[in-house]
Structure formats: structure tokens, C-alpha cells
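Chemist:
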Amino acid sequence: MYQPPAFREDRIEVQHDLIRRHPLGLLITAGPSGLVANPVPFLVDAEAADKGVLRAHLAKANGQWRDLEAVAECLVVFQGPQDYVTPSWYATKRETGKVVPTWNYATVHAWGRPRVIPDPAWLRRQIADLTEAQERLRTEPWAVADAPPAFVDAQLKGIVGIEIAIERIEGKWKVSQNRPEADRAGVHAGFRASGEPGEAMADLVAERGGVSRD
0 MYQPPAFRED RIEVQHDLIR RHPLGLLITA GPSGLVANPV PFLVDAEAAD KGVLRAHLAK
60 ANGQWRDLEA VAECLVVFQG PQDYVTPSWY ATKRETGKVV PTWNYATVHA WGRPRVIPDP
120 AWLRRQIADL TEAQERLRTE PWAVADAPPA FVDAQLKGIV GIEIAIERIE GKWKVSQNRP
180 EADRAGVHAG FRASGEPGEA MADLVAERGG VSRD
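Going left to right, the sequence shown walks through residues 0 to 213 as numbering that gives the first Met the number 0 numbers them.
Encoded structure:
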């Protein structure tokens, strides 16, 4: 990934936090079927390896799992907040006019050797953990145990597990850090004024650019 120094994010705990907040990763393989990509929800276990372990499952009908058995490495891309930045928000536009549009975003790329796991006990734990991670903040969380056991057993027969011990991981937070202070303030104000859709990016611009959140 292209990483200008201003945008690099090497802290593993920050990278893992983005994965937890945005768990739908793009699983990419270059195997016997050629280049294949599928959006897949992942869990990250920070304690299982030095850089963490990604866990997920695929439908057996999805042929990418066979490619995973054949490759030495795969890539998973996690996309955090992202949005268009208009030059109209820059103080520099009013001063010189020498500005262009851009895009702000936060992303994490993780590489590792995949392992396909057909074990029913592993799969049962995987779907229970993935469900709990998404349901825990709900007033009445749903659990896998709420479904009939025979139904769950039948569903498990239709999936395979994936485990990827992360060997390389890169983070990039491109959130206007390279702009002058007045431009960063303008970008923050612009996203904040756009309402709920821009709030996450406004927070990142404030955090990374030293802009007041007021």
C-alpha cells in the first residue's frame, strides 16, 4: 500500500480497533481461479499471534475456499470511515485558489497464510463469537443457541472456517494531516456540518489534525 509518512498508522492496537469497528473485510486471493475477492465478516484475536489472527467462515458453495487451500498468502482489506473532501472547505482556496479535491479514508491491509478449517466445533465457536460481537449492544441480543439445534447443525454443514495468522499488517489514516492548520479546521467544520454521515470523519480529522471538536 502506498503510505506517505504523514498517513502511516503502525500501532497494532489501532489497526485491530479498526478491524473490530469495521469487520467486513475484502478477502483477496490470487489462486487457481485467478484474482478473486469476496466481502467476509472477520473476527480478530489479538492474543493468538504476534500480529493477531483473523477468523471467518465461507459458504462451501463459495469456491474461494479451495483457492485458499492452494495459496501461500492472501490479503484482507478493511475499510474504515471514508468520504470526499471538497476544496471549498479549504482556507487556501480563498487565499490562492491552488487546491484540488481529494478523498479522506482510514484502512487496514492484512496479509497472512490462510488455513481452511472444516471442524464443526471450531465453526460452532466461530459463529457464536461473531454473532456475540455484533449482538452484544442490542437491548435483546440474539444468540446462536436461540435457534433449534438441528437447524444450526445443518447450517454448519454448509460452511468452512478460515484462519489467517497475520504476517504483515499496514494501516493508513489519510485524514487531512498534510493540509495547513486552517484547511484542517475547514475540513473538520465541513464534515461536522454535514450531519451524521460526516461525523466519523470529522472525529478523525480532529483527532489526527489537532483540531478542536467544539
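In this text, a Cβ means the ideal position worked out from N, Cα and C, and glycines have one as well.
These numbers were taken from a predicted model, which means no experiment stands behind them.
For the pair the stretch 131-143 and the stretch 166-181, tell me if three or more CB-CB distances fall below 8 Å.
Modeler: Contact fails: fewer than three Cβ-Cβ distances are below 8 Å.
Chemist: If I measure Cβ to Cβ from H15 and keep anything under 8 Å in the same chain, skipping five residues before and after, which residues do I get?
Modeler: Within the sequence shown, residue 15 is the residue found at index 16, counting from 1. V43, A45, G51, listed in sequence order.
Chemist: Per DSSP, which residues does T138 bridge with? Please list them.
Modeler: Taking the first residue of the sequence shown as position 1, residue 138 is located at position 139. Answer is none; T138 lacks a bridge partner.
Chemist: Just confirm the distance between the C-beta atoms of V39 and L57, as a whole number of angstroms; I'd bet it's less than 8 Å.
Modeler: The count along the sequence shown starts at 1 and reaches residue 39 at position 40. The count along the sequence shown starts at 1 and reaches residue 57 at position 58. At roughly 7 Å, the Cβ-Cβ gap stays under 8 Å, so V39 and L57 are in contact.
Chemist: Between the C-alpha atoms of P86 and K92, what's the straight-line distance to the nearest angstrom?
Modeler: Here residue 86 corresponds to residue number 87 of the sequence shown, with the count starting at 1. Here residue 92 corresponds to residue number 93 of the sequence shown, with the count starting at 1. Looking at the two C-alpha atoms, the distance is approximately 7 Å.
Chemist: Would you kindly work out how many angstroms separate the C-alpha atoms of E162 and L53, rounded to a whole number?
Modeler: Here the question's residue 162 lines up with position 163 in the sequence shown. Here the question's residue 53 lines up with position 54 in the sequence shown. Roughly 6 Å between the two C-alpha positions.
Chemist: Express the C-alpha separation of S211 and S175 in angstroms, rounding to a whole number.
Modeler: Mapped onto the sequence shown, residue 175 falls at position 176. Mapped onto the sequence shown, residue 211 falls at position 212. Looking at the two C-alpha atoms, the distance is approximately 14 Å.
Chemist: In the structure shown, what three-state DSSP assignment does Q63 receive?
Modeler: Here residue 63 corresponds to residue number 64 of the sequence shown, with the count starting at 1. Helix, per DSSP.
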